[in-house]
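As structure tokens, the structure follows; a few thoughts come after it.
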Amino acid sequence: MNLGEAQQFLREYEREAAEMCFRVKQSQWNFSTNITDANKRRMLEEQALESKLDRLSWRRATSFTWTRLPDSQTRRQLNMLVTQTRAGLPDNEFDELQQVISEMKDIYSRARVCPYHNRMNNYCDLALEPDLTRALAHTRDYEEQLHLWKAWRDSVGPPIRSRYIHYMQLANKAARINGKYRINHLIL
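Numbering (the numbering used here), first residue to last: 186 to 373.
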């Protein structure tokens, strides 16, 4: 495949990826600001389409002998598509990774904590965004900050722990497939 084909692929990819990114972010915003089953379903559908685009684009990018292309910009872009992704995982592990990420996001979005000054269980309605973020940014009361941080950690940490460990195992495998030793060497 020649340079012209690679550049045409990259132009098409940029257009499709930008459109997909907008749709995914819009669905995530809709879910984050209005947590309903319908919005969650829509968000998961958009994320699944994004994953499919990532996989197809990765497969197409790997079909080029990009390391031998004369144009450094094209080589760099293809290198990013080929090596900075989870798409190299086998299909079942890729799907598993997407599921784990979705579950962790769901836990984060649904977790609620009690306000510092009113700890009655029926008023535990503070979400991470915007409630806790705003409270932690504006309060100077150490005890309140400690309460909010610990309550959030206690609410989210235990249910996410096993999922996060599994996420790291799969993400590290993706990094190794892409020639990196660990996930911190790979932008996900």
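No residue lacks a Cβ here, since even glycine has one placed at the ideal position from N, Cα and C.
Proximity of residue i and residue j at Cβ, strictly below 8 Å
i	j	result
leucine 234	methionine 205	yes
phenylalanine 194	arginine 245	yes
glutamate 329	tyrosine 301	yes
threonine 268	glycine 364	yes
alanine 312	arginine 297	yes
Bounding residues of the alpha helix (DSSP H) (the contiguous stretch that carries residue i)
i	result
threonine 247	222 to 247
valine 267	257 to 268
arginine 338	327 to 362
alanine 320	318 to 323
threonine 218	188 to 218
isoleucine 293	A small fix is needed here, since residue 293 is tyrosine in this sequence, not isoleucine. Its alpha helix (DSSP H) spans residues 276 to 295.
Exposure label - residue i; buried when at least 16 CB within 10 Å
i	result
methionine 353	exposed
glutamate 231	buried
threonine 243	One detail in the question is off: residue 243 reads as tryptophan in this sequence, not threonine. By the 10 Å Cβ count, tryptophan 243 comes out buried.
tryptophan 334	exposed
serine 236	buried
alanine 336	buried
isoleucine 372	Since pLDDT at isoleucine 372 reaches only 48, below the 50 mark, its modelled position is unreliable, and the value read off the structure follows with that caveat. Looking at its Cβ environment, which holds fewer than 16 other Cβ atoms inside 10 Å, isoleucine 372 is exposed.
threonine 270	buried
alanine 356	buried
methionine 265	exposed
leucine 254	buried
glycine 342	exposed
Reduced DSSP secondary structure (H/G/I, E/B, other) of residue i
i	result
leucine 311	strand
leucine 373	Low confidence applies here, because leucine 373 scores a pLDDT of 44, under 50, leaving its location unreliable; read the following figure in that light. Residue state, collapsed to three classes: coil.
Length of the line joining the Cα atoms of residue i and residue j
i	j	result
isoleucine 345	lysine 290	9 Å
glutamine 258	glutamate 190	14 Å
serine 347	glutamine 283	15 Å
phenylalanine 216	arginine 261	35 Å
alanine 202	histidine 351	27 Å
arginine 338	serine 294	13 Å
asparagine 303	serine 212	33 Å
leucine 321	phenylalanine 249	48 Å
glutamate 197	isoleucine 220	34 Å
8 Å Cβ cutoff, residue i in contact with chain D
i	result
aspartate 222	As a matter of chain content, chain D is missing from the structure shown, which is built from one protein chain.
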